Amino acid sequence: MLGIHGDNVPMNTERPAFVWTIAGSDSGGGAGIQADLATIQDLGCHGCSVVTTVTAQSSVAVTLVEPVSAAMLMAQLTTLLSDLPPKAIKIGLLADQTQVALLADWIASFKIHYPSVPVIVDPVMVASCGDALAVDNCQDIKSAAKSALDFRPFKGLIELITPNVLELGRLTHSDVSTKAQFAAAALALSQSLDCSVLAKGGDVSFGCTDILADTQAQTNALDTAYKSNGWDLELAEDYLVCRQVRANSELHQNGRFWLASQRVITRHNHGSGCTLSSAIAAVLAQGFVLQDAVVVAKAYVSQGLSAAIGLGQGPGPLARTGWPNNLSCYAKINLCDGNFISHQISQHLDVISDFVATDQVRIASAPPQNILSQGFKVLNADLGVYPVVSDLTMLESLLAAGVKTLQLRIKTDISELTSAGLGESVQSRCESGKSKSGEPKLIGSELEAKIQTAIALGKHFNAQLFINDHWQLAIKNHAFGVHLGQEDLAVADLAAIKTAGLALGISSHSYFELLLAHQCSPSYIALGHIFPTTTKQMPSAPQGLAKLKRYVALLQDHYPLVAIGGIDLDNLAKVKTTGVANIAVVRAITEAQDPVAAFAVLSQAWEPYLGAKCMPNMSTNKPLYHGETVSGKTLSDADFMRYSRQVLLPEVGEAGQLQLADANVVIIGLGGLGQLAAQYLARAGIGCLTLIDMDKVEILNLPRQLLFSDADIGLNKARVAKQKLNDLAPQCTVTADETAFNTETAAHHFADILEAKQQGKKVLVLDCTDNFATRQAINRSCIEAALPLVSASIAAFSGQLFAVDQMQFPSGGCYHCIFPAQTRVSQSCSTQGVLGPSVGVMASMQSLVAMQLLLNVDSCDEPKSALLGRFWRFDAKSLSWTAAILTRDPQCDECGPKGVYLSSNKDNLEV
């Protein structure tokens with residue numbers, strides 16, 4: 004079937020929405036019901052007309068206005084309603100107060116049966132040529148204008164009234180010569196009629212002929228006054244006062260906004276007011292919210308003015324140019340009550356402070372007007388199928404499978420503050436410990452830990468990972484990007500996000516919201532929700548495919564667009580027909596038995612070519628992050644996932660983990676301390692371990708030496724430990740030496756570690772022995788080889804730990820400084836006994852100190868070291884730690900003038 008223009012476009016066989024225009028007839032065809040019907044059809048609806056008045060007018064004059072009878076007016080309304088009930092009603096010219104009263108009564112009855120049908124009133128009083136249109140009991144035109152109609156009978160019955168400057172002044176009996184007065188009058192009218200108001204400032208600079216003005220001089224004076232009273236005459240500025248707008252975010256349903264578009268300089272503006280109001284009605288009839296209808300209609304008028312031509316001697320009518328898809332025609336939106344959300348949140352600051360991350364980040368902010376004009380980060384890859392998940396395990400598996408764009412969405416009460424009732428106490432919504440969705444809430448450090456982990460995973464897999472809502476934590480932990488909803492947009496510091504170099508995604512649920520998003524120049528805009536969804540409570544109705552297609556037509560050449568909300572394999576093909584390039588999916592992946600397989604199927608269905616490419620890990624892609632590595636190496640995906648909980652720590656990161664993989668550690672003594680330390684270090688990713696112990700496993704070792712079992716009794720500890728560590732940590736190269744350590748064998752035992760040191764690798768020795776002579780030998784050998792040493796011991800309920808490094812921290816002394824060779828040391832496990840868990844505590848602490856030294860976590864600049872130059876004692880009975888500062892003792896025989904003794908300065912550390 005051919006289209007109406009004879010092309011091959013299929014005809015639209017869907018029944019259009021019915022829009023009524025109740026207005027006067029313009030015999031010149033430029034305004035009134037003629038303009039309304041043309042507009043309604045041009046915007047895809049079917050127009051029905053109820054004629055209130057017949058006017059004899061042309062483009063230059065109105066010579067007669069004659070109202071229809073009350074009977075005729077009612078007959079038209081009744082007849083139409085019985086067959087063609089409206090989806091929206093526009094009311095234009097009403098001839099007299101009688102018609103106002105009659106129509107108000109009819110609407111009150113109509114609303115009982117059709118409560119959701121919007122009614123728009125354009126209070127027409129003056130024609131474009133300057134002549135008055137309303138008449139009352141055959142009064143002359145000038146007298147009629149001086150007694151403007153009273154629209155108060157419409158109070159509570161209409162959704163919107165659209166007065167121009169002159170009409171606003173008359174309706175409110177106020178001076179509207181300044182911009183502030185204009186806005187105040189609009190707000191007063193909204194309160195008076197209990198409806199939204201679109202006060203039109205487009206005619207403010209034209210010196211529109213007010214028939215109440217007696218001279219041209221007064222008109223010129225008025226024009227001059229406007230120029231000096233806050234108006235920008237290069238713009239067409241309208242003021243929108245919203246009042247309880249249905250199906251709308253709480254952020255906007257009672258908002259006030261200036262809508263500014265470039266003024267179109269033309270005299271051919273006949274019927275612009277009629278066109279605007281009927282366009283609003285036509286857009287509303289197609290299911291858009293009021294703010295959407297206003298911005299689309301305003302763009303339609305701007306487009307029509309730009310293409311208007313003259314037909315007669317006077318102003319010509321607007322051109323009918325179809326649905327506006329040129330972004331430059333749309334108005335810039337300025338929120339007049341932008342502090343609304345901030346004010347509400349400030350009322351709960353004392354409560355909120357308990358739920359935000361405890362470690363706050365100081366954010367350097369730049370002026371928004373400077374930073375946002377340049378736009379946010381441009382995405383390096385198509386989003387394609389864009390999973391939105393809340394589970395870290397699922398996030399890991401998707402990243403490992405090759406997914407390149409994901410979002411972590413963890414909802415908390417703080418993030419829900421603006422979307423929930425703002426007057427509701429945060430505390431009351433936190434007492435249950437669950438979010439509104441019923442899932443456990445995350446707060447404080449637990450939330451930050453999850454976000455840190457996710458960001459680390461995203462960096463390793465070179466993915467575009469967006470953090471939903473929590474922009475402060477995203478900045479602090481150097482995320483790739485952040486995704487904000489409209490409510491979050493109202494309170495987030497966009498300049499800080501931009502300064503930090505993060506990408507920004509913004510949600511939108513309407514034309515109005517996507518224009519607000521556009522004004523932020525984000526990295527992408529999400530459009531939703533397309534279908535019904537249960538993942539979150541939405542104030543708006545599902546957008547549907549028809550609206551999505553409209554949004555795509557407007558924005559596809561400007562931003563990556565992402566459709567979201569209820570999208571799954573069943574409706575994916577229909578979504579694709581709208582032209583949107585990317586889809587965000589939640590339940591289709593998170594509720595799937597195999598999320599990775601579900602992603603693969605969705606990707607293949609969305610775009611077969613991309614679907615085939617997306618699953619292999621694409622580690623060779625251009626890096627999205629600029630992070631430090633070691634010798635150009637990167638962790639394998641498997642190793643990254645294995646060590647991800649370490650990598651997420653800023654003090655470790657991928658570079659630190661690679662440094663551990665290059666490290667070489669010697670452990671002397673594989674008893675209670677050594678076998679546990681060996682497990683910790685091997686599993687933590689240490690690259691090379693040398694295990695030295697000549698002893699064999701005995702039955703009395705088993706209660707505290709957990710690496711060994713009954714089957715190992717009689718076997719060499721170092722050999723058994725190597726075999727078991729090869730299974731537990733195959734990535735670690737383990738060498739076992741079954742000989743005793745002493746000063747004569749030290750060169751042999753330290754050969755590998757000294758070679759690693761010459762290669763610039765991190766090296767360390769752990770003394771885990773319980774023999775005094777051996778400990779002295781280890782100390783002497785480490786001093787001679789300039790190797791760092793971490794020493795620990797435990798007997799009965801007393802443990803001790805210290806770390807020394809003659810190269811990095813010379814004033815730290817040595818073991819001999821604390822326990823000279825002549826010291827009698829009688830305590831040991833074999834003589835005093837020990838509890839297994841106490842051994843575990845000391846082994847853990849020894850391993851922790853070792854890892855921090857290998858990672859350079861400790862500052863070794865004298866006297867600032869927190870690890871070197873300290874001696875810790877552990878009392879296993881009281882679970883307390885005592886730390887003593889090591890100071891110089893020049894009498895030490897081993898380390899020369901750098902000897903130390905324990906000062907009396909002690910810090911008690913409770914654990």
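Its first residue numbered 4, the sequence shown is counted upward by one per residue in my numbering.
All C-beta atoms in this analysis are idealised placements derived from N, C-alpha and C, irrespective of residue type, glycine included.
Note that the structure is predicted; figures quoted are calculated from it, not measured.
Inset, instruction - Below 7 Å CB to CB, which residues in the same chain sit around F379 once its five sequence neighbours on both sides are set aside? - result: Excluding sequence neighbours, F379 sits near K501, A506, L507, S524, P525 and S526.
Inset, instruction - Compare the beta carbon distance of A603 and I586 with 9 Å and say whether it is the shorter of the two. - result: In this structure, I586 does not lie closer than 9 Å to A603 by Cβ.
Inset, instruction - Note down the Cα distance separating M71 from V57, rounded to an integer number of angstroms. - result: Checking the sequence shown, residue 71 turns out to be Val, not Met. V71 and V57 have their alpha carbons spaced roughly 7 Å apart.
Inset, instruction - Pull up the distance between the alpha-carbon of F469 and that of S400, whole angstroms please. - result: Rounded to whole angstroms, F469 to S400 spans 16 Å at the Cα level.
Inset, instruction - With a 10 Å radius around its C-beta and 16 neighbouring C-beta atoms as the bar for buried, classify T421 as buried or exposed. - result: Note that T421 has pLDDT 36, beneath the 50 cutoff, so the model's placement of it is unreliable and the number below is only indicative. By the neighbour-count rule (16 or more Cβ atoms within 10 Å), T421 is buried.
Legend entry - Beta-carbon contacts of Q306 that lie in its chain and below 6 Å, excluding the five residues immediately before and after: Listed in chain order, the non-local C-beta contacts of Q306 below 6 Å within the same chain comprise T324, P327 and C332, local neighbours out to five positions each way being set aside.
Inset, instruction - Have a look at G461 and L856 and give me their C-alpha separation to the nearest angstrom. - result: Taking the straight line from one Cα to the other gives about 27 Å.
Inset, instruction - Quick one: which unbroken beta strand (DSSP E) runs of 3-plus residues sit fully inside the region 50 to 116? Chain order, please. - result: Those beta strand (DSSP E) runs which fall completely within the region 50 to 116 and span 3+ residues are 65 to 70 and 91 to 94.
Inset, instruction - Under 8 Å by Cβ, that's how I've got K720 and L673 pegged, so tell me the actual separation to the nearest angstrom. - result: The beta carbons of K720 and L673 sit about 4 Å from each other, so the pair counts as a contact at 8 Å.
Legend entry - Simplified DSSP state of S784, which is helix, strand or coil: Collapsing the DSSP output to three states places S784 in a helix.
Inset, instruction - With DSSP as the reference, please indicate the residues paired to T738 in a beta bridge. - result: Answer by DSSP bridge pairing, in chain order: T693.
Inset, instruction - Note the first and the last residue of the continuous beta strand (DSSP E) segment covering G307. - result: Boundaries around G307 are those of the alpha helix (DSSP H), L293 to S309, since no beta strand (DSSP E) includes it.
Legend entry - Run of the beta strand (DSSP E) containing T580, from where it starts to where it stops: It is not in any beta strand (DSSP E) - T580 carries neither H nor E in the DSSP assignment.
Legend entry - Status (buried if at least 16 other CB within 10 Å, exposed otherwise) for F154: F154 is buried by the Cβ-count criterion.
Legend entry - Own chain, CB closer than 8 Å to H629, minus 5 neighbours either side, in chain order: Low confidence applies to H629: its pLDDT is 41, below 50, so where it sits in the model is not reliable enough to give any reading.
Legend entry - CB of L858 within 9 Å of CB of Q662, strictly: Pairing L858 with Q662 gives a Cβ-Cβ distance under 9 Å.
Legend entry - Nonlocal neighbours in the same chain, by C-beta distance under 6 Å from K408, ignoring five residues either side: Residue identity differs from the one stated: residue 408 is Thr in this sequence, not Lys. Result list for T408: L386, Y389 and Q467, in chain order.
Inset, instruction - Using a threshold of 9 Å, state whether the C-beta atoms of P320 and G33 are closer than that. - result: Contact flag set, yes.
Legend entry - Distance between A544 and K90 (C-alpha atoms, nearest Å): Going from the Cα of K90 to the Cα of A544 covers about 16 Å.
Inset, instruction - Helix, strand or coil for R778, going by three-state DSSP, please let me know. - result: Three-state result, R778: helix.
Legend entry - Simplified DSSP state of V700, which is helix, strand or coil: Coil.
Legend entry - D571 - DSSP class collapsed to helix/strand/coil: In the structure shown, D571 sits in coil (DSSP, three-state: anything other than H, G, I, E or B).
Legend entry - Top-ranked residue by Cα proximity to C691, from E657, V768 and V700: Distances from the alpha-carbon of C691 to those of E657, V768 and V700 put V768 closest.
Legend entry - Per-residue DSSP class, three states only, for Q894: It is coil, neither helix nor strand.
Inset, instruction - From the DSSP output, read off the bridge partner residues of T24. - result: According to DSSP, T24 bridges with S52 and K93.
Legend entry - Under the three-state DSSP convention, the category A677 falls into: Sequence inspection shows Gly at residue 677; the Ala mentioned does not correspond to that position. Helix at G677.
Inset, instruction - Could you please give me the residues that DSSP links to I471 through a beta bridge? - result: Before going further, note that residue 471 is Asn rather than Ile in the sequence given. Here N471 is bridged, per DSSP, to H486.
Inset, instruction - Closer than 6 Å by C-beta to S510: which residues in its own chain qualify, once you throw out the five before and the five after it? Chain order, please. - result: If the five residues before and after S510 are omitted, its C-beta is found closer than 6 Å to the C-beta atoms of G488 and A529, all from its own chain and listed in chain order.
Legend entry - Assigned secondary structure, A239 (DSSP; H/G/I helix, E/B strand, else coil): Assigned with DSSP and collapsed to three states, A239 falls in strand.
Inset, instruction - Please report the Cβ distance between A584 and L564, rounded to the nearest whole angstrom; I am assuming they are in contact, meaning their Cβ atoms lie under 8 Å. - result: Correct: roughly 6 Å between the Cβ atoms.
Inset, instruction - To the nearest angstrom, report how far apart N471 and L551 are at their CA atoms. - result: Roughly 22 Å separates the two Cα atoms.
Inset, instruction - Please determine, among Q37, I43 and C51, the residue with the shortest C-alpha to C-alpha distance to W23. - result: With distances taken between Cα atoms, W23 lies closest to C51.
Inset, instruction - Compute the Euclidean distance between the alpha carbons of S850 and F877, then round it to the nearest angstrom. - result: About 15 Å.
Legend entry - Spatial distance of D45 from P19 (CA atoms): Those two C-alpha atoms are separated by around 12 Å.
Inset, instruction - Could you check the C-alpha separation between V299 and L174 for me, to the nearest Å? - result: Their Cα atoms are separated by approximately 26 Å.
Legend entry - Unbroken alpha helix (DSSP H) run spanning Y646, endpoints: Note, Y646: premise wrong, no alpha helix (DSSP H); not H, not E.
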